[in-house]
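K.L.:
According to this note's numbering, the first sequence is numbered sequentially starting from 356. Built from N, CA and C at the ideal position, the CB exists for glycine as well.
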Amino acid sequence: MLDTKFIREHTERVIQNSSAKHAQPDIPGFVRLDERRRAIIQEGQDLKAKRNTVSDEIARLKKAKENADQRIAEMKIVSDTIKHLDEELRGIEEQMEHIALFVPNITHTSVPHGKDASANIEVRRKDGINPCEGEKGFRKDHATLAKEHGIVDFERGAKISGSGFPLYTGKGARLERALLNFMLDRHTLHNGYTEVFVPFLVNAASMRGTGQLPKFADDMYACADDELYLIPTAEVPITNIYRDDILTSAELTKKHCGYSACFRREGGSYGKDTRGLLRLHQFNKVELVQFAKPEDSYNQLELLVGEAEGILETLGIPYRTILLCDGDTGFSSAKTYDLEVWSPAEQKWLEVSSCSNFEDFQARRANIRYRPEPSAKPEFVHTLNGSGLATPRLVVAILEHYQTEDGRIRIPDALQPYCGFEWIGEK
RNA sequence: GGAGAGGUGGGUGAGUGGCUGAAACCAACGGUUUGCUAAACCGUCGUACUGUGCAAACAUUACCGAGGGUUCAAAUCCCUCCCUCUCCGCCA
Numbered sequence: 356m357l358d359t360k361f362i363r364e365h366t367e368r369v370i371q372n373s374s375a376k377h378a379q380p381d382i383p384g385f386v387r388l389d390e391r392r393r394a395i396i397q398e399g400q401d402l403k404a405k406r407n408t409v410s411d412e413i414a415r416l417k418k419a420k421e422n423a424d425q426r427i428a429e430m431k432i433v434s435d436t437i438k439h440l441d442e443e444l445r446g447i448e449e450q451m452e453h454i455a456l457f458v459p460n461i462t463h464t465s466v467p468h469g470k471d472a473s474a475n476i477e478v479r480r481k482d483g484i485n486p487c488e489g490e491k492g493f494r495k496d497h498a499t500l501a502k503e504h505g506i507v508d509f510e511r512g513a514k515i516s517g518s519g520f521p522l523y524t525g526k527g528a529r530l531e532r533a534l535l536n537f538m539l540d541r542h543t544l545h546n547g548y549t550e551v552f553v554p555f556l557v558n559a560a561s562m563r564g565t566g567q568l569p570k571f572a573d574d575m576y577a578c579a580d581d582e583l584y585l586i587p588t589a590e591v592p593i594t595n596i597y598r599d600d601i602l603t604s605a606e607l608t609k610k611h612c613g614y615s616a617c618f619r620r621e622g623g624s625y626g627k628d629t630r631g632l633l634r635l636h637q638f639n640k641v642e643l644v645q646f647a648k649p650e651d652s653y654n655q656l657e658l659l660v661g662e663a664e665g666i667l668e669t670l671g672i673p674y675r676t677i678l679l680c681d682g683d684t685g686f687s688s689a690k691t692y693d694l695e696v697w698s699p700a701e702q703k704w705l706e707v708s709s710c711s712n713f714e715d716f717q718a719r720r721a722n723i724r725y726r727p728e729p730s731a732k733p734e735f736v737h738t739l740n741g742s743g744l745a746t747p748r749l750v751v752a753i754l755e756h757y758q759t760e761d762g763r764i765r766i767p768d769a770l771q772p773y774c775g776f777e778w779i780g781e782k
């Protein structure tokens, strides 16, 4: 959410930025409502001030056993007027909020302009680290490999829940767990994150705090009877840990990582991208979340991207890092880098991480603040997050890059201690 | 799920209709003093919005879990909801 004052004072910029992000909120309407709102507040405050002083007078009169009926009658009318003003004000603020919740975050000046992914900028690429040689005829795609080795049972997953709910079996389940443990250990032991294990169902206030609601309601699974939502990412519960809190300057930058299952409806996305593990309704992810001072946040974003890249480097998977243009940058984000791994079978880059600086956009919604100095006024923190990383496409990359000519799959060195085996498949 | 108790400022905690935005204590911050990892004393010490002002600041208003209601006037009375604690039941 943007600051009302900011929208009022930078109306043109907000309109342009919204349109770059393919959104058309009614900014002029918002500004008009804001004018009326402030007029009502002023009028209401004057009347309330009058009521307060006269009420004191009534108290004095009554104490002195004098008649106050005249004043009471006057104040009854004043109170009625106040009531009507408050009602109008509530209506206006509701309308304003309805508009404000759909205004996207302003992108950072370093973000390139463009209408879609074609304007994104590749900032780094690490290929040539393929441990099992280049693109050869023996290569099979991940779904075929997964079936042949019996490590993912898509059919039974579909029987249990539906398509997009994979059932990992045997070494596949072990590999999944190994990846998660490996990544969590790395972020907690080497990158200075404090681990959290979060609820997977959250309330509406949490979803609003991180920006999933109200705009993306259709993308989420909801438990209507309990007003709870299945999280699409651990970003939601982790960021909301400090909703309505005031942090101290000393505890920033605060870094949390956590595993969660992630649930996404992915409505209308059936097509070629849905093969195997490429796009799922439920998947596993380790998430990185940071709460930073405004002056540190962009430096922290670069560090966070590096931490996510470190996982791919250690696993020896070819990847590239993309800076998203404004038209491709998410609703809540001011600047986003995507990490993509190469799928030789798909001949495509697959997104495995999205690392963003939200500046104070989420913090304003979720009311997460800090005091720059012990007795200073609280200010909004900057929030950042990134996947570190999501497992399904990581498994895709491992299967496809680490398959050998004899049809087996070698486990990356760093994962072997976590897996307890070196190979998938018989020689 | 049933019964009871309770939710007040960073913390503890007083306050049952009008001089209470809220005592007291603790913490924190500033200062004085004592020459020493401390103590004493003095002072400051919630948040938001609106307005005036370049600003520091000042003024109004609102906020005592959330939302409604009663009243000239609500932390205080009434209703609904949420949460916490205790006991019982159930359960991994």
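Between V458 and L539, is the Cβ-Cβ spacing less than 7 Å?
P.N.:
Cβ distance not < 7 Å, so V458 and L539 don't count as in contact.
K.L.:
T676 bridges to which residues according to DSSP?
P.N.:
Partner(s): R479, L694.
K.L.:
For T524, collect the residues of the same chain with a Cβ closer than 8 Å to its Cβ; drop the 5 residues on either side in sequence, then sort them by chain order.
P.N.:
The residues are G505, I506, V507, D508.
K.L.:
Can you list, in chain order, the residues of its chain whose CB lies under 8 Å from that of R406, leaving out five sequence neighbours each side?
P.N.:
Counting only Cβ-Cβ distances below 8 Å, and skipping sequence neighbours, we find M430, V433, S434, I437.
K.L.:
Does the contact criterion of 3 or more C-beta pairs under 8 Å hold for the stretch 720-728 versus the stretch 589-603?
P.N.:
The stretch 720-728 is in contact with the stretch 589-603.
K.L.:
Apart from the five residues on each side of it in sequence, which residues of its chain come closer than 6 Å, Cβ to Cβ, to A501?
P.N.:
Only V507 meet the Cβ criterion.
K.L.:
When the distance is taken between beta carbons, is L643 closer than 7 Å to L658?
P.N.:
Taking 7 Å as the Cβ cut-off, L658 and L643 do not qualify as a contacting pair.
K.L.:
Kindly give me the distance between the Cβ atoms of S604 and R529, rounded to whole angstroms, as I take these residues to be in contact under 8 Å.
P.N.:
At roughly 44 Å, the Cβ-Cβ gap does not stay under 8 Å, so S604 and R529 are not in contact.
K.L.:
With which residues is A577 paired in a DSSP beta bridge?
P.N.:
Answer is Y584.
K.L.:
Can you check which of these residues, H377, D651, T549, A700, is closest to T462 by C-alpha distance?
P.N.:
Of the candidates H377, D651, T549, A700, the one whose C-alpha sits nearest the C-alpha of T462 is H377.
K.L.:
Judging by CA-CA distance, which residue of L607, I601, R387, C578 is the nearest neighbour of S652?
P.N.:
Measuring from the Cα of S652, the nearest candidate turns out to be L607.
K.L.:
Since N546 and E662 should fall inside the 8 Å C-beta cutoff, what is the C-beta to C-beta distance between them, to a whole number of angstroms?
P.N.:
N546 to E662, Cβ: 5 Å. Contact.
K.L.:
At what residues does the alpha helix (DSSP H) containing Q425 begin and finish?
P.N.:
That run of the alpha helix (DSSP H) goes 424-455.
K.L.:
Excluding the 5 residues flanking I454 on each side, which residues of the same chain have their C-beta closer than 7 Å to its C-beta?
P.N.:
Hits under 7 Å: P380, D381, G384, F385.
K.L.:
Report yes if the CB atom of S742 is closer than 7 Å to the CB atom of F713, and no otherwise.
P.N.:
Not in contact: S742 and F713 (Cβ atoms no closer than 7 Å).
K.L.:
Measuring CB to CB, does L694 end up less than 7 Å from T676?
P.N.:
Result yes, Cβ atoms of L694 and T676 sit closer than 7 Å.
K.L.:
Can you tell me which residues form a DSSP beta bridge with A616?
P.N.:
N639, per the DSSP bridge assignment.
K.L.:
How is S410 classed by DSSP in three states: helix, strand or coil?
P.N.:
Helix at S410.
K.L.:
Just to confirm my understanding: we take P554, look at its own chain, exclude 5 residues before and 5 after, and list those with CB closer than 7 Å. What are they?
P.N.:
Answer for P554: P592, listed in chain order.
K.L.:
Spatial neighbours of N793 within its chain, please: C-beta separation below 6 Å, excluding the five flanking residues on both sides.
P.N.:
The requested residue 793 is not part of the displayed model; the chain covers only 356 to 782.
K.L.:
Check V644 in the structure and name its three-state DSSP category.
P.N.:
Note: V644 maps to strand in three-state DSSP.
K.L.:
Is R748 closer than 7 Å to V807 when the C-beta atoms are compared?
P.N.:
Examination of residue 807 is not possible in this model, given that the chain is present from 356 through 782 alone.
K.L.:
Rounded to the nearest angstrom, what separates A423 and E448 at their Cα positions?
P.N.:
So the alpha carbons of these two residues sit roughly 36 Å apart.
K.L.:
Run through DSSP, which three-state label would T549 get?
P.N.:
Looking at T549 - three-state DSSP - the assignment turns out to be strand.
K.L.:
Around the C-beta of T684, are 16 or more other C-beta atoms found within 10 angstroms, so that it is buried, or is it exposed?
P.N.:
Classification of T684: buried, given that the 10 Å Cβ count is 16 or more.
K.L.:
Going by the beta-carbon positions, is the gap between V751 and L635 smaller than 7 Å?
P.N.:
Cβ distance not < 7 Å, so V751 and L635 don't count as in contact.
K.L.:
Confirm, please, whether the CB-CB distance from R541 to D574 is below 7 Å.
P.N.:
No.
K.L.:
In three-state terms, what does DSSP make of N558?
P.N.:
Reduced to three states, the DSSP call for N558 is strand.
K.L.:
Which residues share a DSSP beta bridge with R765?
P.N.:
BP columns for R765 point to W778.
K.L.:
In three-state DSSP terms, what is K405?
P.N.:
Correct three-state label for K405: helix.
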